[in-house]
Every structure is written in structure tokens, then in C-alpha cells.
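Enquirer:
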Amino acid sequence: MIDSFSPPEGQTIRKRLPIWVILAAGVILLSFLVLLVLGLQKSNVQTLTLGSKVADFKLTTFDGSQVTLKSLQGKTVLINFWASWCTTCIDEAAILQEGWQKVGLGGQIVFLGVDYADTEPAAKAFMQKYSISYLNGPDLRSALSQQFHISGVPETYLIDADGTLRGIKIGPFGSAEELSTFLEQKSGN
Amino acid sequence: MNLVHSFSRKIFMAVIAISIAIEGMAIIVNSAWAQAQPTPSSDDQVNAIASQLYCPVCENITLDVCSTQACAQWRDLIRDKLGQGDSPAQIKDYFVQQYGDRVLAVPPRTGLNWLLYLLPPLIFLAALILMVRFFMKHRSLSPAVPESEIGEGTSPAKNGPDVSEKGGKID
Numbered sequence: 002m003i004d005s006f007s008p009p010e011g012q013t014i015r016k017r018l019p020i021w022v023i024l025a026a027g028v029i030l031l032s033f034l035v036l037l038v039l040g041l042q043k044s045n046v047q048t049l050t051l052g053s054k055v056a057d058f059k060l061t062t063f064d065g066s067q068v069t070l071k072s073l074q075g076k077t078v079l080i081n082f083w084a085s086w087c088t089t090c091i092d093e094a095a096i097l098q099e100g101w102q103k104v105g106l107g108g109q110i111v112f113l114g115v116d117y118a119d120t121e122p123a124a125k126a127f128m129q130k131y132s133i134s135y136l137n138g139p140d141l142r143s144a145l146s147q148q149f150h151i152s153g154v155p156e157t158y159l160i161d162a163d164g165t166l167r168g169i170k171i172g173p174f175g176s177a178e179e180l181s182t183f184l185e186q187k188s189g190n
Numbered sequence: 746m747n748l749v750h751s752f753s754r755k756i757f758m759a760v761i762a763i764s765i766a767i768e769g770m771a772i773i774v775n776s777a778w779a780q781a782q783p784t785p786s787s788d789d790q791v792n793a794i795a796s797q798l799y800c801p802v803c804e805n806i807t808l809d810v811c812s813t814q815a816c817a818q819w820r821d822l823i824r825d826k827l828g829q830g831d832s833p834a835q836i837k838d839y840f841v842q843q844y845g846d847r848v849l850a851v852p853p854r855t856g857l858n859w860l861l862y863l864l865p866p867l868i869f870l871a872a873l874i875l876m877v878r879f880f881m882k883h884r885s886l887s888p889a890v891p892e893s894e895i896g897e898g899t900s901p902a903k904n905g906p907d908v909s910e911k912g913g914k915i916d
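Here the protein sequences come in this chain order: A and B.
In this text, residue positions in the first sequence follow our numbering: the first is 2, and each later residue adds one.
In this text, residue positions in the second sequence follow our numbering: the first is 746, and each later residue adds one.
#1: Any beta carbon from chain B within less than 7 Å of A:W86's own beta carbon?
#2: Starting from A:W101 and walking both ways along the alpha helix (DSSP H), at which residues does that stretch end?
#3: Give me whichever residues DSSP pairs with A:I80 in a beta bridge.
#4: Please tell me whether B:L867 has its Cβ less than 7 Å away from any Cβ of chain A.
#5: Below 8 Å between beta carbons is the criterion; list the residues of the region 785-809 of chain B that meet it against any residue of chain A, in chain order.
#6: Please classify B:I868: does DSSP put it in a helix, a strand, or coil?
#7: According to the neighbour-count rule (16 or more other Cβ atoms, all chains shown, within 10 Å of its Cβ), is A:W21 buried or exposed?
#8: With a threshold of 7 Å between beta-carbons, can B:L827 be considered close to chain A, or not?
#9: What is the residue span of the alpha helix (DSSP H) that B:P833 lies within?
#10: At the 7 Å Cβ level, is A:S143 part of the contact set with chain B, yes or no?
#11: Quick one: list the residues of chain C neighbouring B:A815, beta-carbon separation under 8 Å, in chain order.
#12: Along the region 823-856 of chain B, what residues have a CB closer than 9 Å to any CB found in chain A?
#13: Using CA atoms only, rank isn't needed, just tell me which of A:A177, A:D161, A:Q148 is closest to A:V78.
#14: Under 8 Å, with one C-beta from each stretch per pair, do the region 93-103 of chain A and the region 58-74 of chain A reach the 3-pair mark?
#15: Taking 7 Å as the CB-CB cut-off, is A:S181 touching chain B?
#16: List the endpoints of the continuous beta strand (DSSP E) containing A:V139.
#17: Count the other CB atoms within 10 Å of the CB of A:I133; is the residue buried (16 or more) or exposed (fewer)?
#18: Spell out whether any CB of chain B is found under 7 Å from the CB atom of A:S72.
#19: Express the C-alpha separation of A:L37 and B:P866 in angstroms, rounding to a whole number.
#20: Going along chain B in order, which residues have a C-beta closer than 7 Å to the C-beta of A:L36?
#21: Spatial neighbours of A:S146 within its chain, please: CB distance less than 6 Å, with the 5 preceding and 5 following residues excluded, ordered by chain position.
#22: Which partner residues of B:T807 appear in the DSSP bridge assignment?
#23: Using 7 Å as the threshold, is the C-beta distance between B:S796 and B:L827 below it?
#24: Leaving aside the five residues before and after A:N214 along the sequence, list all residues of the same chain whose C-beta is less than 8 Å from its C-beta, in chain order.
#25: Can you name the residues of chain A whose CB is closer than 9 Å to the CB of B:A871?
#26: Can you pull the DSSP bridge partners for A:V68?
#27: Looking at the secondary structure, which residues open and close the beta strand (DSSP E) in which B:R820 lies?
#28: Would A:S32 pass as an interface residue toward chain B - the criterion being a Cβ-Cβ separation below 7 Å?
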């Protein structure tokens, strides 16, 4: 009886798995691969480096108007990521506002404040408290912070008239001179 | 005399009617004002929604247990929105619109997110089926004792292969 289950000498029995098992395994494997590729794509997105072109973006300001990088072509753009809960942002708020009044009102340099992971009432109160008058808007769906790969707030980026990234400042500006130097050196003015 | 009495009675009635009207209007205005005021929301109501949202600046911490100022502001916003009569779903939608899907503690069942929900049970099911098939296959390969012999009540020792007959020797 036992011998009847053994294959003849020199032969092996090759059993094929049912087709649905193979298909299911294939689908599961493929799904895993898709997840893996997506994960890799997400983590492997190139970070912005000095000299690289900045892709167009849209910022909806607190007053409802929309600004795109394309619409600012020909002007130097300073983008400052901030939040009302960020204590170091308080330190540089006055410096940025002063800088804006000094160089921004001429029209050749545009200051854009991007309010990161903040609530609108708190952000507006912050702006009012520090008399910030340059364009500001929330980072809707965290799109801009993801585009610039910010690591925290405050962070400031300088884009030249051609849309090329010319300056990155991680952390707050310590003085008006530091901001002035940042603007002069990076924008080539 | 009757004329005077009747006149003062009319005045009295008019005063009563005006008083009632003023009182009625006061009640209506008060009720409308009360309705316009946001209903204070309890911490439990706020935390129930906060527990479904992640802190914007900390990793893997939900809003209800987060102590940063950013979280406190978000909780305040939840409280305000509850007070304005928004439902928990509307509040979560608002946060997603403002900050993206990443704020949700549970990913939404849309698009590729479905893989997150479908893959684990599918893998479990596939593993279960393969395991059952494996055990069934091995069970069917195990030596079977003929039914006729089982019925005779013979002992396995008696039915087992006779080693001595095949020339084997057990020392």
C-alpha cells in the first residue's frame, strides 16, 4: 500500500498549483511592487539645490487672491515658511517686515509668506501683532512645504528672476543686515 | 362713573397686552441670540475628533495627546468648529483640505490607499489556503490502513511489516 504513493524510481511527480492561486500570488506580488515603487519615488524625489529651477506653484493668500511663480517671472521672489506657533519666527517677523518695506516696495523683489501647518485665526493674529504686510497665505494641503522639502520653520528661499533657486536659509534671520546680505548676494543686485 | 371705569379697564388691558408683547419679543430675541451663540463643546467631543488627526509637526502623535502649541491651536480650532455646528466629518474634511491627507490617523479609503486595506487580509487568506492545502496533502500521503483489516481488530504490530521475513535483523 505504501509503495503505491511513491513515484517510480528516477521520476518525480510535478504538481502544478491551480491557476487561481498563481494569479492571486501574482496580483499580491504586483501590489507590493507598486507600493514599493511609490514609496521609493516619494523618498527619492530630488531635493531642491542651489541653481536648480523651481517648478511653478500657486499660493492662495489669506485675502483670497492667488499668486503663482510664473506670474512673478522677472522678479526676485523670497519665500519664507513660518508658523504662528514657531517661537523663532517671532524673532525674524520684524526683520522680514522691515526688509520688505526697505526693498520689496520697489517692486523688484516679492516677499511671500507661507504659513505652514497653522490655523488661520492664529496666523492672522500673528500677522496683525507683528504688522506683516507682504503677501501671505496658508500652505494648503502642505503642497509648498513638500515641494521645497522644508525640514521645519522658519526657512527662507530666494528665487531669481529666471525662476532659479539662489538662496536657502534654514532657521531665522538674526538681523536686518543678514537678510540684506542674503538678498544682495543671492539675487545679484 | 361707568364710563371712567370702562376707560381705566381698557387702559389696564392695553398695558397688559403691551407687557405680554414685550415679554414675547424678549423671549424670541433671547432665543435667537442663544441660537446664534456657539455651543460650548466638551473636551471629550474635541478629543474624539483630535484622536483621529495627527499632530502637524510631531511624528506619529495624535492631536489629543500632543502637548505642542501647534496641537493646542488645532484643538482650539476643532472646538470652534464644533461650536459653529460642524459635524466631525466636516471638521476632518476641513483639516484634509487645509493640510492634506497626511493629517488623518486612518488613511482614507481611496485610490492606492485601498492596497493598504486589501493586501493584509488577502495575504492572510492566501497563507491560510496554502497552509490548509499543505496539511491536507500531507494527510492524504500518510499510509492508510485497509478498512478490512481495521475491522478485524488486529493490532498494528501484527499487521506491520515482518522484518524477519525480509531478512532484516534487529539486534
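Idealized CB from N, CA, C, for every residue including glycine.
Quick caveat: nothing in here was measured; it's all calculated off a predicted structure.
Expert: Inspection of the coordinates gives the following:
#1: Walking along the first sequence from the start, residue 86 of chain A turns up at place 85. Chain B contact via Cβ: present.
#2: Within the first sequence, numbered from 1, the residue matching residue 101 of chain A stands at position 100. Note, A:W101: alpha helix (DSSP H), 88-104.
#3: Residue 80 of chain A sits at position 79 when you count from the first residue of the first sequence. In DSSP, A:I80 forms a bridge with A:L113, A:Y158.
#4: Sequence index remark: in the second sequence, residue 867 of chain B carries index 122 (1-based). B:L867 counts as touching chain A.
#5: P801, V802
#6: The sequence position of residue 868 of chain B within the second sequence is 123, counting from 1. Reduced to three states, the DSSP call for B:I868 is helix.
#7: By one-based count along the first sequence, residue 21 of chain A stands at place 20. Exposed.
#8: Numbered from 1 along the second sequence, position 82 holds the residue referred to as residue 827 of chain B. For B:L827, the answer is no, since every Cβ of chain A falls outside 7 Å of its Cβ.
#9: Taking the first residue of the second sequence as 1, we reach residue 833 of chain B at position 88. Counting along the chain, the alpha helix (DSSP H) containing B:P833 begins and ends at 833-844.
#10: Along the first sequence, read from residue 1 onward, the residue named residue 143 of chain A stands at position 142. By this cut-off, A:S143 is an interface position.
#11: Here the protein chains are A and B, and chain C is not one of them.
#12: D825, V841, Q842, Q843, Y844, G845, D846, R847, V848
#13: One-based indexing of the first sequence puts residue 78 of chain A at position 77. Nearest C-alpha to A:V78: A:D161.
#14: no
#15: Residue numbering aside, residue 181 of chain A sits at position 180 when the first sequence is read from its first letter. Output row for A:S181: interface = no.
#16: The residue labelled residue 139 of chain A in the question sits at position 138 within the first sequence. Looking at the sequence itself, residue 139 of chain A is Pro, so the reference to Val does not match. From DSSP, the beta strand (DSSP E) with A:P139 extends over 136-139.
#17: Taking the first sequence and counting its residues from 1, one reaches residue 133 of chain A at position 132. Buried: at least 16 other Cβ atoms inside 10 Å.
#18: Reading the first sequence from its first residue, position 71 is the one you call residue 72 of chain A. No, A:S72 does not count as interfacial toward chain B.
#19: Here residue 866 of chain B refers to the residue found at position 121 of the second sequence. Here residue 37 of chain A refers to the residue found at position 36 of the first sequence. The alpha-carbon atoms of B:P866 and A:L37 are separated by roughly 18 Å.
#20: The sequence position of residue 36 of chain A within the first sequence is 35, counting from 1. Within chain B, the residues near A:L36 are L860.
#21: Taking the first sequence and counting its residues from 1, one reaches residue 146 of chain A at position 145. Taken in chain order, the residues that qualify are Y117, D140.
#22: By one-based count along the second sequence, residue 807 of chain B stands at place 62. Partner(s): B:Y799.
#23: Numbered from 1 along the second sequence, position 51 holds the residue referred to as residue 796 of chain B. Numbered from 1 along the second sequence, position 82 holds the residue referred to as residue 827 of chain B. Not closer than 7 Å, so no.
#24: Outside the modelled stretch of chain A, which goes from 2 to 190, sits residue 214 of chain A, for which no answer is possible.
#25: Within the second sequence, the letter at position 126 stands for residue 871 of chain B. Ordered by position in chain A, the residues that pass the 9 Å Cβ test against B:A871 are V22, A25, A26, I29.
#26: Looking up residue 68 of chain A in the first sequence gives position 67. Beta-bridge pairing links A:V68 to A:L60.
#27: Numbered from 1 along the second sequence, position 75 holds the residue referred to as residue 820 of chain B. Looking at the DSSP string, B:R820 is not in any beta strand (DSSP E); the run it does join, the alpha helix (DSSP H), is 814-828.
#28: Along the first sequence, one-based indexing puts residue 32 of chain A at 31. So yes, A:S32 belongs to the interface.
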